[in-house]
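Heads up, the thing below is written out as structure tokens.
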DNA sequence: TGATAATTTGACCGGTTGGTAAACATTACA
DNA sequence: TGTAATGTTTACCAACCGGTCAAATTATCA
């Protein structure tokens with residue numbers, strides 16, 4: 002038989018899982034570095050160590066590869082926000098959210114850049130996710146923050162812009178890594194900048210959101 | 002004579018200035034929306050209302066167009082930071098820097114996205130600018146901030162990460178505009194989000210940097 | 001083992017891309 | 001006005017792009 006594309010089979014073979022994994026890993030590498038339009042199937046094939054038609058055996062089109070990648074990464078990416086807990090101590094919650102987002106910027110910069118590329122270029126492939134699941138999740142957490150503010154546990158502030166501020170400051174260290182390194186000077190080898198950033202940001206947000214008389 | 006490309010002539014004719022202007026305007030439109038690799042000369046030509054070979058008469062290559070654009074925009078882009086004044090009132094200086102950066106995000110989002118695209122994809126074309134002029138300027142302003150902190154005028158903090166935080170939070174409204182709109186819901190027509198952001202960010206940074214006993 | 005299905009590859013296709021060559025049109029200026 | 005320099009266009013090219021196809025190879029399992 003010729004055409005029963007991998008996706009159509011009910012049971013996924015060992016080979017299918019392995020190869021799709023390898024392809025998506027390579028796709029992440031390439032898409033995150035060049036964006037969708039700037040990436041080519043050949044590049045991904047080379048990184049994956051497979052032939053181009055072989056990739057297209059597992060994913061019919063470049064778009065399909067991109068979509069599969071987005072779907073797989075998006076959930077993980079939103080996990081830190083999901084853990085935001087209404088019952089917790091507000092300051093501790095915000096502090097740990099910042100910390101987790103910074104850790105993700107450090108440990109999964111490619112995932113961050115994948116979304117950054119996508120959103121930056123108008124989010125042509127993830128508009129629905131933004132207006133649907135993402136908005137819903139943010140709305141929910143914004144209410145939590147609002148409640149904290151009303152209860153006097155943190156300063157009154159626009160919860161949406163607070164979330165934007167945390168997103169932007171933390172993801173900055175993944176998305177604009179080259180710039181950060183250039184400005185700091187690359188003398189320092191390790192991940193020191195992440196610890197410095199954590200210290201600074203935790204302080205900024207905690208003090209900035211403190212209730213003051 | 003056939004080849005004395007526009008660039009080589011000593012005097013720039015009226016036509017040259019007009020056309021180069023139109024081309025760079027179109028290039029800004031296209032490059033900022035799709036990044037370097039994702040943009041095509043044809044797209045730029047169409048936006049500029051000229052033929053492709055005509056563009057290539059004024060800029061020999063796609064790279065040359067991109068470089069000319071970057072060179073032109075970079076200076077303007079760094080102006081707000083340059084205005085940062087050591088003699089001024091620290092809180093007022095920081096507040097007005099945030100305000101100016103937000104205004105630029107609102108009024109010149111394409112310029113912001115141009116750089117974001119470039120840096121995000123590893124800054125292959127502006128590495129020198131980052132490590133040279135940009136770093137130098139930031140170093141200078143970081144010293145100013147450091148001095149303020151030592152003088153007890155603002156809380157002690159890492160000046161570099163403070164600058165990163167201001168950059169990221171403000172540019173976020175240009176670079177991630179689609180996401181911001183999606184999350185806020187596009188009911189609100191105007192630029193209200195910029196005013197809300199200004200209120201939030203000024204408060205965050207001012208309170209966050211206040212000296213506290 | 002053998003047959004059947006799953007996987008992989010090389011050759012290829014039409015469309016797009018950055019860029020060129022040369023003819024043609026327009027402008028500047030003596 | 002005439003002519004040389006400047007500006008514009010049409011036709012074109014080689015390389016690259018996303019994707020197809022049929023043949024070849026490998027894995028699965030009765």
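Protein chains in written order, with the numbering used here: chain A, 2 to 214; chain B, 2 to 214. All residues carry an ideal CB built from backbone N, CA and C; glycine is no exception. Note that the structure is a prediction, hence the values are computed from the model and not measured.
Quiz item: What alpha helix (DSSP H) runs, 4 residues minimum, are completely inside the stretch 87–123 of chain A?
Solution: Taking only runs of at least 4 residues, the alpha helix (DSSP H) segments lying wholly in the stretch 87–123 of chain A are 91–108, 110–121.
- Item | Under 9 angstroms from the C-beta of residue 166 (chain B): neighbouring residues of chain A | The sequence position of residue 166 (chain B) within the second chain is 165, counting from 1. Simply 166, 169, 170, 173, 198, 201, 202, 205.
- prompt: Using the rule of at least 16 other Cβ atoms within 10 Å of the residue's Cβ for burial, across every protein chain shown, is residue 16 (chain A) buried or exposed?
  reply: Here residue 16 (chain A) corresponds to residue number 15 of the first chain, with the count starting at 1. By the 10 Å Cβ count, residue 16 (chain A) comes out exposed.
- request: Answer with buried or exposed for residue 114 (chain A), where buried requires no fewer than 16 other C-beta atoms within 10 angstroms of its C-beta.
  value: For the purposes of this step, residue 114 (chain A) is taken as residue 113 along the first chain, with counting starting at 1. Result: buried.
Item checked: residue 161 (chain B) versus A:195, A:142, A:133, residue with shortest Cα-Cα distance -> On the second chain, residue 161 (chain B) is found 160 positions in, with the first residue counted as 1. Selected option, being the one with the closest Cα: A:195.
**Report entry** Environment of residue 178 (chain B) [buried if 16+ CB atoms lie within 10 Å]
**Finding:** Sequence index remark: in the second chain, residue 178 (chain B) carries index 177 (1-based). Residue 178 (chain B) should be labelled buried.
- Mind checking whether residue 165 (chain A) and residue 99 (chain A) have CB atoms under 8 angstroms apart? In the first chain, counting from the first residue as 1, residue 165 (chain A) sits at position 164. In the first chain, counting from the first residue as 1, residue 99 (chain A) sits at position 98. No.
Note to self: Counting only Cβ-Cβ distances shorter than 7 angstroms, please list the residues of the stretch 36–68 of chain B near chain A, keeping chain order.
What the structure shows: If you check each beta-carbon in the stretch 36–68 of chain B against every beta-carbon of chain A, the ones closer than 7 angstroms belong to 36, 38, 39.
Q. Which chain A residues are close to residue 124 (chain B), counting only those with a beta carbon under 8 angstroms from its beta carbon?
A. As a first step, residue 124 (chain B) is located in the second chain; it is residue number 123 there, counting from the start. Under the 8 angstroms cutoff, chain A gives 179, 180, 183.
Just checking residue 132 (chain B) against the ligand ATP - is the residue's beta carbon closer than 7 angstroms to any of the ligand's heavy atoms? The ligand ATP is not among the ligands present in this structure, which contains no ligands whatsoever.
Next on the checklist: Relative to the C-alpha of residue 75 (chain B), which candidate in B:52, B:117, B:210 has its C-alpha closest?
Outcome noted: If you number the second chain from 1, residue 75 (chain B) lands on position 74. Its Cα nearest to that of residue 75 (chain B), the residue B:117 stands out among B:52, B:117, B:210.
Have a look at residue 141 (chain B) and residue 95 (chain A) and give me their C-alpha separation to the nearest angstrom.
The residue given as residue 141 (chain B) occupies position 140 in the second chain. The residue given as residue 95 (chain A) occupies position 94 in the first chain. One C-alpha to the other measures close to 32 angstroms.
I think residue 103 (chain A) touches residue 183 (chain A), with their Cβ atoms under 8 angstroms apart; what is that distance to the nearest whole Å?
-> In the first chain, residue 103 (chain A) corresponds to position 102, counting from 1. In the first chain, residue 183 (chain A) corresponds to position 182, counting from 1. Your pair residue 103 (chain A) and residue 183 (chain A) does not check out as a contact, with CB atoms roughly 20 angstroms apart and the cut at 8 angstroms.
Going by beta carbon distance, what residues of the same chain come within less than 7 angstroms of residue 175 (chain A), once the five residues before and after it are set aside?
Along the first chain, one-based indexing puts residue 175 (chain A) at 174. 106, 110, 113, 114, listed in sequence order.
Report task. Give the straight-line distance between the Cα atoms of residue 46 (chain A) and residue 35 (chain A), rounded to the nearest whole angstrom. Result -> Position 45 of the first chain, counted from the start, is the residue given in the question as residue 46 (chain A). Position 34 of the first chain, counted from the start, is the residue given in the question as residue 35 (chain A). If I take the Cα positions, the gap works out to 15 angstroms.
Rounded C-beta distance between residue 1 (chain B) and residue 180 (chain A)? I'm assuming under 8 angstroms. The structure shown does not extend to residue 1 (chain B), since chain B is modelled only from 2 through 214, so no value can be given for it.
Inset, instruction - Please list the partners that residue 114 (chain B) has in chain A, where partner means a Cβ-to-Cβ separation under 9 angstroms. - result: Translated into positions along the second chain, residue 114 (chain B) becomes position 113. Result: 121, 122.
* To do: Could you spell out where the alpha helix (DSSP H) holding residue 1 (chain B) opens and where it closes?
  => Residue 1 (chain B) is absent from the structure shown; chain B starts at 2 and stops at 214.
### Contact between the stretch 65–82 of chain A and the stretch 126–140 of chain A (3+ Cβ pairs under 8 angstroms)
The stretch 65–82 of chain A, when compared against the stretch 126–140 of chain A, does touch it at the 8 angstroms Cβ threshold.
Give me the chain B residues within the contact set of residue 92 (chain A), using Cβ-Cβ distance strictly less than 8 angstroms, ordered along the chain.
Locating residue 92 (chain A) in the first chain gives position 91, where the first residue counts as 1. Under the 8 angstroms cutoff, chain B gives no residues; its nearest Cβ is about 13 angstroms from residue 92 (chain A).
Roughly how many whole angstroms lie between the Cα atoms of residue 101 (chain A) and residue 202 (chain A)?
-> As a position in the first chain, residue 101 (chain A) is number 100, starting the count at 1. As a position in the first chain, residue 202 (chain A) is number 201, starting the count at 1. In a straight line, the C-alpha of residue 101 (chain A) is about 12 angstroms away from that of residue 202 (chain A).
Shorter than 8 angstroms from the beta carbon of residue 25 (chain B) to some beta carbon of chain A? What you label residue 25 (chain B) is simply residue 24 of the second chain in a count that begins at 1. Not one chain A Cβ lies under 8 angstroms of residue 25 (chain B).
So, are the CB atoms of residue 152 (chain A) and residue 210 (chain A) less than 8 angstroms apart?
For the purposes of this step, residue 152 (chain A) is taken as residue 151 along the first chain, with counting starting at 1. For the purposes of this step, residue 210 (chain A) is taken as residue 209 along the first chain, with counting starting at 1. Cβ atoms of residue 152 (chain A) and residue 210 (chain A): not closer than 8 angstroms.
- Message: Helix, strand or coil, according to DSSP, for residue 51 (chain A) in the structure here?
- Response: Counting from 1 along the first chain, the entry for residue 51 (chain A) is found at position 50. Coil at residue 51 (chain A), not helix or strand.
Quiz prompt | Where residue 212 (chain B) falls: helix, strand or coil (DSSP) | solution = For the purposes of this step, residue 212 (chain B) is taken as the residue at position 211 of the second chain. Looking at residue 212 (chain B) - three-state DSSP - the assignment turns out to be coil, as it is neither helix nor strand.
Whole-angstrom C-beta distance between residue 87 (chain A) and residue 48 (chain A), which should lie under 8 angstroms:
Taking the first residue of the first chain as 1, we reach residue 48 (chain A) at position 47. Taking the first residue of the first chain as 1, we reach residue 87 (chain A) at position 86. At roughly 42 angstroms, the Cβ-Cβ gap does not stay under 8 angstroms, so residue 48 (chain A) and residue 87 (chain A) are not in contact.
* Please go through the same chain and pick out, in chain order, the residues whose beta-carbon is closer than 7 angstroms to the beta-carbon of residue 122 (chain A), but skip the five residues on each side of it. => Indexing the first chain from 1 puts residue 122 (chain A) at position 121. These residues qualify, in order along the chain: 36.
Requested in this report: Classify residue 54 (chain B) as buried or exposed, calling it buried when 16 or more other Cβ atoms lie within 10 Å of its own Cβ.
Outcome: Numbered from its first residue, the second chain carries residue 54 (chain B) at position 53. It counts as exposed.
Is the shortest distance between the beta-carbon of residue 193 (chain A) and the beta-carbons of chain B less than 8 angstroms? Along the first chain, read from residue 1 onward, the residue named residue 193 (chain A) stands at position 192. Nearest CB-CB separation between residue 193 (chain A) and chain B: not below the 8 angstroms threshold.
How far does the alpha helix (DSSP H) with residue 23 (chain A) in it reach, from first residue to last? Position 22 of the first chain, counted from the start, is the residue given in the question as residue 23 (chain A). Membership of residue 23 (chain A) in the alpha helix (DSSP H) is indicated by the continuous run 15–39.
Practice task
Confirm, please, whether the CB-CB distance from residue 25 (chain B) to residue 70 (chain B) is below 8 angstroms.
Solution key: The residue you call residue 70 (chain B) lines up with position 69 of the second chain. The residue you call residue 25 (chain B) lines up with position 24 of the second chain. Result yes, Cβ atoms of residue 70 (chain B) and residue 25 (chain B) sit closer than 8 angstroms.
Query - Proximity of residue 42 (chain A) and residue 63 (chain A) at Cβ, strictly below 8 angstroms - result: By one-based count along the first chain, residue 42 (chain A) stands at place 41. By one-based count along the first chain, residue 63 (chain A) stands at place 62. Cβ atoms of residue 42 (chain A) and residue 63 (chain A): closer than 8 angstroms.
### Message
Please list, in chain order, the chain B residues whose beta carbon lies closer than 7 angstroms to that of residue 132 (chain A).
### Response
What you label residue 132 (chain A) is simply residue 131 of the first chain in a count that begins at 1. Neighbours of residue 132 (chain A) on chain B, chain order: 183.
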